[in-house]
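Participant: Have a look at this one.
Numbering (the working numbering), first residue to last: 8 to 230.
Take a look at the structure:
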């Protein structure tokens, strides 16, 4: 009597899960961060350095683009930490995200221990099919008034006199009521010695207005 043996082969196909690789996370990401009652924009760029090391830049709700020396990304999980910029504490900021179906979700732990949830989408390519058609100039200080603006808080110190927009002391920011896509912005400004202010484009990217005369050129200074 012949004996027959049945050999069973088990093939494991990754448990049916789609595999993620570095190409899925490389690029620029638009982040929306929930900070209590505020919803603020943020920004992340992931780049490949050499053969396998991921590095990048991160822009929080404030401050400039901060370099990231090392980003880990494995099984869809992303993590990096960066030292404080304007925080008075010495603790690093911790960033953790999970990439699923093209969306990045996770938490940001601030140096003070506060946790903030975020959602990220791949940033679109800002390419126009044709050159913009410019309209008539808009005077944002028409009639020596602030009708085209609203304040970000109740402690606004802004006023207009003789066509000059003046801020008496530190207080709320001014924001245009109208939103713009492509635009050309013309501003003439003057400031007291040693002062620091700025103009935010699209509500996030600041053109620094600071008395930096005589200092070495810096990517975070204006002119």
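From the three backbone atoms N, C-alpha and C, an ideal C-beta is built for every residue, glycine too.
Quick one: what's residue 44 bridged to in DSSP?
Facilitator: According to DSSP, residue 44 bridges with nothing at all.
Participant: Identify, in the order they occur along the chain, each residue of the same chain with its Cβ nearer than 6 Å to the Cβ of residue 104, setting aside the five sequence neighbours on each side.
Facilitator: Once the five neighbours on either side are set aside, the close Cβ partners of residue 104 are 85, 111 and 113.
Participant: Mind checking residue 220: buried by the 16 CB within 10 Å criterion, or exposed?
Facilitator: Counting Cβ neighbours within 10 Å, residue 220 comes out exposed, since fewer than 16 surround it.
Participant: Per the contact definition of three or more C-beta pairs closer than 8 Å, is the segment 111 to 131 in contact with the segment 148 to 168?
Facilitator: The segment 148 to 168, when compared against the segment 111 to 131, does not touch it at the 8 Å Cβ threshold.
Participant: From which residue to which residue does the alpha helix (DSSP H) around residue 103 run?
Facilitator: That residue, residue 103, is in no alpha helix (DSSP H); its beta strand (DSSP E) goes 100 to 107.
Participant: Using the beta-carbon count (16 or more within 10 Å), is residue 51 buried or exposed?
Facilitator: Label assigned to residue 51: buried.
Participant: Taking the alpha-carbon positions, what's the residue 54 to residue 95 distance?
Facilitator: Distance between the alpha carbons of residue 54 and residue 95 is about 29 Å.
Participant: Which residues mark the beginning and the end of the beta strand (DSSP E) in which residue 152 is found?
Facilitator: Residue 152 -> no beta strand (DSSP E), and no H or E assigned at all.
Participant: Who are the Cβ neighbours of residue 101 in its own chain at under 6 Å, not counting the five residues just before and after it?
Facilitator: 88 and 116.
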